[in-house]
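A.B. asks: Numbering (this note's numbering), first residue to last: 141 to 309. Heads up, the beta-carbon is just placed ideally off N, CA and C, and yes, glycines get one too. The structure follows.
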């Protein structure tokens, strides 16, 4: 399960994102516009009457842009890490990846650093079918280096890869 270590702003941003994306928020926004429209004749459609809705919507839009961007950045990072896990281990995704979108940005950055290291390990191997999971990457890498290459299926795949390279050349 994901560690939920969030600062106050992150907790507020998550709450605000959920609240403003709800049906209730849409109904409140529509109700506000209807009330504003109905008060138009009372205020003779004055400049002040128009300024009220313009100012209110400008302030809300300004704040929402930052809230949406923060939410999108965090979701995007989490999705990329989930994809990294699927690519790294086709035998099954790590249970640590469940609820990854609820991790703090510091925790997501730490996972990102792990996958950079995992990528560096993968670049040292000459077999694209080798996999690592988040739970056993270093151990898998050492096992592969010490004995995996002696297995018949690996040698067969390696010979085919060499043969295909010479055909393409």
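Can you grab the Cα-Cα spacing for the pair residue 222 / residue 175, in whole Å?
C.D. replies: 45 Å
A.B. asks: Could you check whether residue 218 and residue 321 sit closer than 8 Å to each other, using their CB atoms as the reference points?
C.D. replies: No information on residue 321 is available, as it lies outside the stretch 141 to 309 that the chain covers here.
A.B. asks: Rounded to a whole number of angstroms, what is the C-alpha to C-alpha distance between residue 162 and residue 298?
C.D. replies: 54 Å
A.B. asks: On the three-state DSSP scale, how would you describe residue 161?
C.D. replies: Annotated three-state conformation of residue 161 is coil, per DSSP.
A.B. asks: Based on Cα-Cα distance, which residue from 179, 170 and 242 lies nearest to residue 215?
C.D. replies: 242
A.B. asks: Given 8 Å as the limit, is there contact between the region 200–208 and the region 174–189, that is, 3 or more CB pairs closer than that?
C.D. replies: no
A.B. asks: With residue 243 as the anchor, note down where its alpha helix (DSSP H) starts and where it stops.
C.D. replies: Run containing residue 243: none; DSSP gives neither H nor E here.
A.B. asks: If we cut at 8 Å on Cβ distances, does residue 245 have a partner in chain B?
C.D. replies: Absent here is chain B; the protein component of the structure consists of one chain.
A.B. asks: Return the CA-CA distance between residue 141 and residue 301, expressed in angstroms with no decimal places.
C.D. replies: Residue placement at residue 141 is flagged as unreliable, the pLDDT there being 44, under the threshold of 50; the coordinate-derived value follows with that caveat. Distance between the alpha carbons of residue 141 and residue 301 is about 40 Å.
A.B. asks: Here's a check: name, in chain order, each residue in its chain whose Cβ is nearer than 8 Å to the Cβ of residue 248, leaving out the five neighbours to either side.
C.D. replies: If we look at residue 248 and ignore the five residues flanking it on each side, its Cβ neighbours are 214, 217, 218, 221 and 240.
A.B. asks: With DSSP collapsed to three states, give me the class of residue 181.
C.D. replies: coil
A.B. asks: Give me, in chain order, the residues of the same chain whose beta-carbon lies closer than 6 Å to that of residue 170; leave out the 5 immediate sequence neighbours on both sides.
C.D. replies: none
A.B. asks: Considering only C-alpha positions, which residue in the set 263, 192, 201 and 226 is nearest to residue 160?
C.D. replies: 201
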